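Remarks on the structure that follows.
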Amino acid sequence: MKQGYSIAIKSSYRSYETQLAVYNEYFAMYDAAYAASLVSIPGSSEHQCGLSVDLTSQSVLDGKYGTFGESPDYDWVEENAYKYGFILRFPENAGDRTGATNEPWHFRYVGKEAAKEIHDKGWILEDYIEHQGFAYNLRLN
70 MKQGYSIAIK
80 SSYRSYETQL
90 AVYNEYFAMY
100 DAAYAASLVS
110 IPGSSEHQCG
120 LSVDLTSQSV
130 LDGKYGTFGE
140 SPDYDWVEEN
150 AYKYGFILRF
160 PENAGDRTGA
170 TNEPWHFRYV
180 GKEAAKEIHD
190 KGWILEDYIE
200 HQGFAYNLRL
210 N
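According to our numbering, the stretch in the sequence shown is residues 70 to 210, in order.
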């Protein structure tokens, strides 16, 4: 990692039970429509398959920035994640395709080759899957 950045994993693998607790917490805090756009139904979370991480940085923990997506650390990760096999999973303005709102902290491991192609072509994971010929029915919450 480039010197001067302090990036930390805020959340990674979640068991079904943990995902259920997160899900219930969001639905207790927010109205159903908003909560459904923020958290996956237990059994369908990328965190449960162990391929996703939510990142933060020391600058967010120290209160210098409100969210990871506002920090210089995010800018570095967003520009370089593909080199390590990760992609920004839910980018801004892609919610109609991904089924989730923008989550600048949520990165998904797809492997270096796939991540480079997704990065170089400005794609999201759904574009990559469609290009590779994998068809599936995406159920949005």
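Cβ coordinates follow ideal geometry from the N, Cα and C atoms, glycine included. Note that the structure is a prediction, hence the values are computed from the model and not measured.
Subject >> Closest residue to Q117 among S109, A150, Y134 and R83 (Cα-Cα distance) >> reply: Within the sequence shown, the letter at position 48 stands for residue 117. For the residues S109, A150, Y134 and R83, the minimum Cα distance to Q117 belongs to R83.
**OP:** Indicate whether the contact test is met: 3 or more Cβ pairs, each with one atom in the region 170-190 and one in the region 116-134, closer than 8 Å.
**Re:** yes
**OP:** List the whole-angstrom C-beta distance separating D142 from I76, where the pair is believed to meet the contact cut-off of C-beta under 8 Å.
**Re:** Translated into positions along the sequence shown, residue 142 becomes position 73. Translated into positions along the sequence shown, residue 76 becomes position 7. The beta-carbon separation of D142 and I76, rounded to 5 Å, stays under the 8 Å limit for a contact.
Subject >> Separation of Y178 from D196, as counted between CA atoms >> reply: By 1-based counting over the sequence shown, the position of residue 196 is 127. By 1-based counting over the sequence shown, the position of residue 178 is 109. Rounded to the nearest angstrom, the gap between the Cα atoms of D196 and Y178 is 16 Å.
Original post:
N210 to S106, Cα distance in whole Å?
Top reply: For the purposes of this step, residue 210 is identified with residue 141 of the sequence shown, where counting begins at 1. For the purposes of this step, residue 106 is identified with residue 37 of the sequence shown, where counting begins at 1. With a pLDDT of 49 at N210, under the threshold of 50, the modelled position of this residue cannot be trusted; read the value that follows with caution. For N210 and S106, the distance between alpha carbons rounds to 7 Å.
Subject >> Buried versus exposed, by CB contacts within 10 Å (16 or more), I110 >> reply: Sequence index remark: in the sequence shown, residue 110 carries index 41 (1-based). Burial call: exposed.
Original post:
Where does T136 sit, in a helix, a strand or coil, going by DSSP?
Top reply: Taking the sequence shown and counting its residues from 1, one reaches residue 136 at position 67. Secondary structure of T136 (DSSP, three-state): coil.
**OP:** Establish whether the CB of W145 and some CB of chain B are separated by less than 7 Å.
**Re:** Of the protein chains in this structure there is only one, and it is not chain B.
Original post:
Is it the case that the Cβ atoms of A150 and F159 are separated by a distance below 7 Å?
Top reply: Residue mapping note: residue 150 aligns to position 81 of the sequence shown, counting from 1. Residue mapping note: residue 159 aligns to position 90 of the sequence shown, counting from 1. No, Cβ-Cβ distance for A150 and F159 is not below 7 Å.
Subject >> Complete runs of the beta strand (DSSP E) confined to the region 98-165 [at least 3 residues] >> reply: Runs of the beta strand (DSSP E) inside the region 98-165: 121-126 and 155-159.
Original post:
Over what stretch of residues does the beta strand (DSSP E) that includes I78 continue unbroken?
Top reply: Start at 1 with the first residue of the sequence shown, and residue 78 comes out as number 9. I76 to S80 is the span of the beta strand (DSSP E), which, as asked, contains I78.
**OP:** In angstroms with no decimal places, state the Cα-to-Cα distance between F137 and I198.
**Re:** Mapped onto the sequence shown, residue 137 falls at position 68. Mapped onto the sequence shown, residue 198 falls at position 129. So the two alpha carbons sit approximately 27 Å from each other.
Original post:
The alpha helix (DSSP H) with A183 in it runs from where to where?
Top reply: Working through the sequence shown from its first residue, we reach residue 183 at position 114. Run containing A183: K181 to K190, per the alpha helix (DSSP H) assignment.
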